[in-house]
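Participant: Handing you this structure, nothing more for now.
There are 2 protein chains.
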Amino acid sequence: MPRSYPQAKSRLEAALQALRENHSRVTAPRRAILKLLTHEHGPFTVEEVHRRIKNAGDVVTVYRSLAAMEEIRLVRRCDFGDGAYRYEFNMGEHHHHHIVCRGCRSVKTLDFCVADGLERMARQLGYANVSHALEIFGLCRRCQKKPLEMAGA
Amino acid sequence: MPRSYPQAKSRLEAALQALRENHSRVTAPRRAILKLLTHEHGPFTVEEVHRRIKNAGDVVTVYRSLAAMEEIRLVRRCDFGDGAYRYEFNMGEHHHHHIVCRGCRSVKTLDFCVADGLERMARQLGYANVSHALEIFGLCRRCQKKPLEMAGA
DNA sequence: TATTTAATTGCAACTTACTTGCATTATGAA
DNA sequence: TTCATAATGCAAGTAAGTTGCAATTAAATA
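Taken in order, these protein sequences are the chains called A and B.
Taking my numbering, the leading residue of the first sequence gets 4, the next gets one more, and so forth.
Taking my numbering, the leading residue of the second sequence gets 4, the next gets one more, and so forth.
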């Protein structure tokens with residue numbers, strides 16, 4: 004059940020504005036991609052974005068658009084370790100993490116982070132440009148009842 | 004500079020024993036792979052393991068051997084988000100994490116974990132079979148001086 | 001508004017990491 | 001020593017993502 008964000012429209016407008024400010028162009032595919040990402044709870048694989056959108060154009064366009072958006076920090080790429088990267092809208096929102104169901108791949112968002120201390124430590128160890136990736140995996144309640152979907156468990 | 008583990012030999016013996024106890028067979032490729040993993044500081048990609056070993060046989064064999072070893076928890080797979088999984092020897096050792104240089108891909112091991120609390124929380128939220136993936140990325144001191152290697156930065 | 005330029009797209013071909021099927025080989029239990 | 005079956009090697013196959021290039025088009029400028 005696609006959950007809609009509040010203020011999705013203004014988020015979309017802000018995103019398009021950010022594109023323009025970065026000498027990127029607002030095209031039909033990009034508009035459609037951002038509409039999906041700002042209106043529904045992701046993250047989405049490239050394939051999902053492409054499938055769910057009418058004017059998203061070629062899949063290659065989706066790849067390239069998302070890469071461009073990631074570069075200007077409109078979108079964040081996450082890695083659930085299952086062979087396909089996922090993208091979620093992340094414009095200035097604070098850092099957060101996910102709990103990912105190994106069965107149905109549903110995602111719960113945690114709005115805090117426990118790894119700030121680790122980043123600080125890495126900086127003290129002399130690293131620059133520090134970041135981190137943290138994902139929690141498990142089997143959600145529904146999937147615990149459906150043994151067949153327990154692929155990755 | 005490959006750093007050698009203390010007690011590497013006994014670790015290797017224990018690993019071979021674990022193979023046998025799991026109805027797996029000790030073959031030349033597997034012996035060679037485990038020798039590398041127990042004697043040098045990883046983690047290594049499949050390609051690295053294959054390249055560095057004389058009797059490792061076909062790359063397919065390395066893929067299959069490492070997968071088999073992962074299944075019986077002799078080896079842990081980690082994901083630095085750069086398109087190739089890495090494997091490290093991890094036989095009963097406690098859970099830990101890495102700081103990975105985005106330049107040279109060198110790895111520093113942290114012998115503790117901050118995500119236990121998160122796992123507990125996920126379980127309270129109803130998830131079963133909980134695990135997590137956490138990696139820290141940064142540019143190590145050496146790579147900060149060599150701008151050309153800053154590929155992923 | 002018309003012109004211009006450079007970003008974006010679509011297509012097709014390619015790369016890379018990894019997997020699978022199957023006949024052959026060889027480990028280790030009996 | 002025999003023998004079941006685990007593991008290997010080879011070749012072919014996937015699947016995700018990338019690249020080159022000509023055609024298109026957004027938006028800056030005249």
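Think of the CB as a built atom: it goes at the ideal place given N, C-alpha and C, for glycine as much as any other residue.
How far does the beta strand (DSSP E) with A/Leu137 in it extend, from its first residue to its last?
Facilitator: Ala131 to Leu142
Participant: With a cut-off of 8 Å, does the C-beta of A/Ser109 fall near any C-beta of chain B?
Facilitator: Not a single CB atom of chain B sits nearer than 8 Å to the CB of A/Ser109.
Participant: Interface residues of chain B around A/Leu128 at Cβ under 8 Å?
Facilitator: Ile102 and Lys111
Participant: Following the continuous alpha helix (DSSP H) through A/Thr64, name the residue where it begins and the one where it ends.
Facilitator: Val62 to Glu74
Participant: Relative to the C-alpha of B/Glu138, which residue among B/Asn132, B/Cys146, B/Ala125 and B/His98 is closest?
Facilitator: B/His98
Participant: What in chain B is Cβ-close to A/Phe140, meaning under 9 Å?
Facilitator: Ala125, Tyr130, Asn132, Val133, Ser134, His135 and Ala136
Participant: If contacts are defined as beta-carbon pairs under 8 Å, then A/Val103 and A/Tyr90 qualify, I think. What distance do you get, rounded to the angstrom?
Facilitator: No, A/Val103 and A/Tyr90 are not in contact; Cβ-Cβ is about 15 Å, not under 8 Å.
Participant: Output the distance between the C-alpha atoms of B/Gly106 and B/Cys143, rounded to the nearest integer angstrom.
Facilitator: The straight-line gap from Cα to Cα measures roughly 7 Å.
Participant: Using 8 Å as the threshold, is the C-beta distance between B/Gln147 and A/Ala131 below it?
Facilitator: yes
Participant: Rounded to a whole number of angstroms, what is the C-alpha to C-alpha distance between B/Arg123 and A/Phe115?
Facilitator: 15 Å
Participant: Looking at A/Phe83 and B/Ser134, is the spacing between their C-beta atoms short of 8 Å?
Facilitator: No, these two residues do not count as a Cβ contact at 8 Å.
Participant: Are the C-beta of B/Val49 and some C-beta of chain A separated by less than 8 Å?
Facilitator: no
Participant: Suppose the cutoff is 8 Å on Cβ atoms and the five residues either side in sequence are ignored; what does the same chain contact list for B/Glu73 look like?
Facilitator: Arg79, Arg80 and Tyr90
Participant: Give me the chain B residues within the contact set of A/Ala118, using Cβ-Cβ distance strictly less than 7 Å, ordered along the chain.
Facilitator: Val117 and Leu137
Participant: Hey, does B/Asp61 have any beta-carbon neighbour from chain A nearer than 8 Å?
Facilitator: no
Participant: Residues in its own chain within less than 7 Å of B/Ser68 by CB, not counting five upstream and five downstream?
Facilitator: Pro32, Arg33 and Ile36
Participant: Considering Cα atoms alone, identify which of B/His53, B/Lys57 and B/Leu15 is closest to B/Lys38.
Facilitator: B/Leu15
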